[in-house]
Amino acid sequence: MITKETLLEIARYGQMAPSGDNLQDWRFSLKEDALELVGAFHNHPFNLNHRPSLTGYGAVLENMLIAAQELGLEMMEDLFPAGGAIASLKFRESSVKTPHPLFPFIEKRSVNRRNYLHRDLPPEIREELIQTAQNSGFGRLSLADGLPAKKSAAKAAFYGSQVMMEDQGIHQALFQSIRWNQAEAERTRDGLYIKTLELGIQEPAFRFLSSWRLTKALNLFGLSRFAAFRDYQLCMGSSALGLIEVPDDSPQSILNGGKLFERLWLKMTSLGLSLQPEYALVALFHMLWNNPAQFTPSQRECLTNGIKMLKEAFSIENEKRILMFFRLGYAAKEPSARSLRKIIRK
Ligand SMILES: Cc1cc2nc3c(=O)[nH]c(=O)nc-3n(C[C@H](O)[C@H](O)[C@H](O)COP(=O)(O)O)c2cc1C
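For what it's worth, our numbering labels the leading residue of the sequence shown as 3, then goes sequentially.
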């Protein structure tokens with residue numbers, strides 16, 4: 003008999019998963035002997051076809067699978083069951099009880115937005131990560147770690163960041179999710195706590211940018227390019243840029259891609275590597291394909307150049323199947339702060 007307390011414990015590990023802007027846009031529901039993961043899709047402009055939400059839900063499921071194994075349970079998932087949930091999960095005692103090697107890293111994993119050390123990715127670690135993706139059957143990982151490929155990928159990130167800074171809807175969504183002090187972060191237990199952004203001496207100036215009018219005016223004087231250049235430098239200082247592609251655009255494939263993303267992130271954490279998603283570019287590409295008219299001609303050109311640069315950096319089979327783009331490397335220091343999670347109550 004699996005107790006309600008055990009199910010809640012598994013859900014709490016699910017809750018530690020990453021989500022876009024730390025929105026944690028899901029909830030759990032106990033149904034007799036099953037635990038349901040229910041989507042609460044947010045309306046961020048990036049959330050086209052719920053791609054980022056589904057990616058996060060995949061990460062939640064991966065954490066739960068790992069936690070269940072650690073507790074000696076087998077997790078059986080029914081994806082997109084009738085009734086509208088994302089997954090209905092049942093558990094049973096496992097015949098073989100082996101701790102999961104990635105379990106200790108669920109709590110340790112977090113975004114690290116600091117500079118990384120200029121250190122190469124050891125070939126054996128590179129291979130281990132590629133193999134992890136291959137063995138999952140959920141998608142493909144490509145790594146850009148040679149100088150020319152890294153430069154192209156970093157330029158791609160540059161274009162994504164630039165356009166992101168120039169879009170009013172994205173600006174509004176970003177600043178809505180910022181938690182300006184610890185008290186606010188602890189009260190909401192979601193969103194982006196300012197200290198996790200690692201802005202250092204730029205933090206006071208960033209506060210002024212919550213005004214779109216000011217940001218728009220400063221963009222005329224090169225603010226968006228300045229911010230994008232910082233992103234370029236962060237990418238160039240990383241050991242590698244990574245890209246995950248999924249086999250198709252179905253919700254199930256995106257969800258499974260999210261599982262793979264989390265598995266890789268936990269694996270990297272176990273190997274002493276840090277990661278920061280560079281998701282703006284991926285989301286903006288999808289927005290461009292969906293409705294090019296929402297961008298100015300110069301933004302369209304930036305995004306088209308970004309796609310070209312990504313293609314140069316990675317051997318992409320189909321750019322529409324890109325799930326995630328990120329930088330990885332060895333951070334000199336731990337993040338200045340960690341994002342909190344909403345508390346799951348009985
Ligand atoms: C789909 C998705 C997109 C994300 N995009 C970005 C991003 O573009 N930049 C970034 O710094 N973090 C990004 N993140 C990381 C989240 O902001 C992070 O997971 C969340 O704030 C919780 O923090 P934690 O992962 O440290 O626990 C993304 C996460 C997900 C799942």
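C-beta atoms are modelled at their ideal positions from N, C-alpha and C, and glycine is treated no differently.
Tell me the DSSP bridge mates of residue i?
i    : result
I68  : Per DSSP, none; premise fails for I68.
G41  : W28
G244 : L145 and F328
S90  : E38 and D80
R181 : Y195
K33  : A36
L63  : Paired residue(s): none; L63 is not in a bridge.
Y234 : Partner(s): none; Y234 has no beta bridge.
E95  : L75
Y118 : A333
I need the DSSP call for residue i, collapsed to helix, strand or coil.
i    : result
E130 : helix
L330 : strand
M289 : helix
L277 : strand
I345 : coil
K110 : helix
L222 : coil
P253 : helix
S300 : helix
E168 : coil
M311 : helix
Label residue i either buried or exposed according to how many other C-beta atoms from any shown protein chain fall within 10 Å of its C-beta, with 16 as the threshold for buried.
i    : result
E303 : exposed
P103 : exposed
G274 : exposed
Q184 : exposed
V284 : buried
W291 : exposed
T298 : exposed
T217 : buried
P83  : exposed
G58  : buried
M3   : exposed
Hey, would you say the C-beta of residue i is under 7 angstroms away from at least one heavy atom of ligand 1?
i    : result
S138 : no
L286 : no
G58  : yes
Y281 : yes
S112 : yes
L1   : The chain is shown only over 3 to 348; residue 1 falls outside these bounds and no answer can be derived.
L226 : The question names Leu, yet the displayed sequence has Ser at residue 226. No, the Cβ of S226 stays beyond 7 angstroms of every heavy atom of ligand 1.
P47  : no
G22  : yes
S213 : no
Q278 : yes
A207 : no
Under 8 angstroms, with one C-beta from each stretch per pair, do the region 252-271 and the region 130-142 reach the 3-pair mark? yes
Validate contact between the region 320-333 and the region 3-20 using beta carbons, cut 8 angstroms, 3 pairs: no
Counting beta carbon pairs with one atom in the region 239-256 and one in the region 165-182, are three or more of them shorter than 8 angstroms? no
Is the number of C-beta pairs between the region 22-31 and the region 183-198 that are closer than 8 angstroms three or more? yes
Is the number of C-beta pairs between the region 65-77 and the region 308-324 that are closer than 8 angstroms three or more? The region 65-77, when compared against the region 308-324, does not touch it at the 8 angstroms Cβ threshold.
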